[in-house]
Amino acid sequence: MVTLEDVAKLANVSTMTVSKVLRGTGAISKQTRTRVFEAADQLGYVPNRLAGSLSARKSMLVAVLIPSIADTVYAEIISSLHSLLDQASLSIFIAESLMDPEVEERQVQELLSLRPAFLVRSGGIASTERTQILLQRFGVPHIQIWDGDDPQGQATVGPSHVEAGKIAASHFLELGLRKVAYIGAETHKDICASRRMESFIGDMTAAGAETHVLTEPDLPRQAESGELLTHRLLEDGLQVDGIFYLNDAMAIGGLRVLLKAGFRVPEDVRVMGFNGTSREQTINTRLTTISTNGHELGQTVAKAILENIGGRLPKSCTLCPVTLDLGNTT
Numbered sequence: 001m002v003t004l005e006d007v008a009k010l011a012n013v014s015t016m017t018v019s020k021v022l023r024g025t026g027a028i029s030k031q032t033r034t035r036v037f038e039a040a041d042q043l044g045y046v047p048n049r050l051a052g053s054l055s056a057r058k059s060m061l062v063a064v065l066i067p068s069i070a071d072t073v074y075a076e077i078i079s080s081l082h083s084l085l086d087q088a089s090l091s092i093f094i095a096e097s098l099m100d101p102e103v104e105e106r107q108v109q110e111l112l113s114l115r116p117a118f119l120v121r122s123g124g125i126a127s128t129e130r131t132q133i134l135l136q137r138f139g140v141p142h143i144q145i146w147d148g149d150d151p152q153g154q155a156t157v158g159p160s161h162v163e164a165g166k167i168a169a170s171h172f173l174e175l176g177l178r179k180v181a182y183i184g185a186e187t188h189k190d191i192c193a194s195r196r197m198e199s200f201i202g203d204m205t206a207a208g209a210e211t212h213v214l215t216e217p218d219l220p221r222q223a224e225s226g227e228l229l230t231h232r233l234l235e236d237g238l239q240v241d242g243i244f245y246l247n248d249a250m251a252i253g254g255l256r257v258l259l260k261a262g263f264r265v266p267e268d269v270r271v272m273g274f275n276g277t278s279r280e281q282t283i284n285t286r287l288t289t290i291s292t293n294g295h296e297l298g299q300t301v302a303k304a305i306l307e308n309i310g311g312r313l314p315k316s317c318t319l320c321p322v323t324l325d326l327g328n329t330t
């Protein structure tokens, strides 16, 4: 590994001079700075930012903990977050919890060991007691995203999933639907999805509708799972006039099964998803969905970070809007 001493030797200066040049401090001549930068480039020197932040008590790192980087919603949030933070020379470090409380605990501990300036963490997971203690006592400003119904940390930015469920139920009731189903997966892990489901089922039941719930704890929340559970719905002989899926991916899988089985959508059965991730892939069938704006969420978090670097993050809860995005499946 190339060291500070190696750069100093090649540039024919002291290690203190190299350190000052790379940190942009001190009254160093332009010629000396040029010589140091050229030596560092020639050797491929990479500064130890962690050591520097510890000594200066200042970090340029933002740690981000999400359920999965494969999830389109979180990819949009991170892209938006990074675009603003990068302009301020802040870097992000991403880790996955996989919606597993034990994995989340381990990742929180590892991320905090990096002494980040901020920790951005997705809510909606039944965190362990130790995770809660780490978040409360470690002193790193903690921003919770995605779960607007249960504010945690110094700031929370996210949609209300209770409201999303109510919007779905209201739309189905306005259409006069009386027999509906909810299809999902891993709802025991995903508190936010559970809130949407319970809100939807609760409002439909209160209005006198017949409701059915099909969820599978061990299936991924992908199109294939939507196909499997929709097959199961049909095999069980359940006749419904509307289906609300956990997300757009599962709804697309369900649509494949319904159309192949000869159902007309929306004439025979209405279909609705959640999160709006199918919009960009639409050709003919445009899925009705409950949309969230990941780009806006990411920007809101980034602005909160940039406005509070080096200071205290004020207690706040920003609810991002959830909207009914009408397609041709209802």
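Position one of the sequence shown corresponds to residue 1 (full-length UniProt numbering), numbered consecutively onward. Yeah, the Cβ is synthetic: ideal placement off N, Cα and C, and Gly gets one too.
CB-CB under 6 Å to H82, same chain, minus the five flanking residues each way: which ones, in chain order? I92
What residues in its chain sit with their C-beta under 6 Å from that of residue 332, if we drop five residues either side in the sequence? Because the chain here runs from 1 to 330, residue 332 falls outside it and cannot be looked at.
Contiguous alpha helix (DSSP H) assignments of at least 4 residues, all confined to the region 98-132: 101-113
Of all the options S113, R178, L112, Q152, which has the alpha carbon lying nearest to the alpha carbon of S127? Q152
Own chain, CB closer than 8 Å to N275, minus 5 neighbours either side, in chain order: T72, V73, N247, D248, T289, I290, S291, T292
Judging by CA-CA distance, which residue of E267, I243, L326 is the nearest neighbour of R279? L326
Taking a contact to mean a Cβ-Cβ separation below 9 Å, would you say V64 touches I94 in this structure? yes
Please list the segments of the beta strand (DSSP E) lying wholly inside the region 234-298, counting only runs of 3 or more residues, in order along the chain. 242-245, 270-275, 288-292
T330: which of E307, D241, K20, S199 sits nearest, CA to CA? D241
Cβ pair residue 331, V108 closer than 9 Å: An answer regarding residue 331 cannot be provided, because it is not within the stretch 1 to 330 covered by the chain.
Counting beta carbon pairs with one atom in the region 179-198 and one in the region 210-218, are three or more of them shorter than 8 Å? yes
Checking contacts by CB at 9 Å: is L326 closer than that to chain B? The question asks about chain B, but that chain is absent: this structure has only one protein chain.
Distance, Cα to Cα, L54 vs T187? Caution applies to L54, whose pLDDT of 47 falls short of 50 and renders its modelled position unreliable; the value that the coordinates give is listed next. Whole-angstrom Cα-Cα distance: 40 Å.
Strand pairing of V322, partner residues [DSSP]: T292
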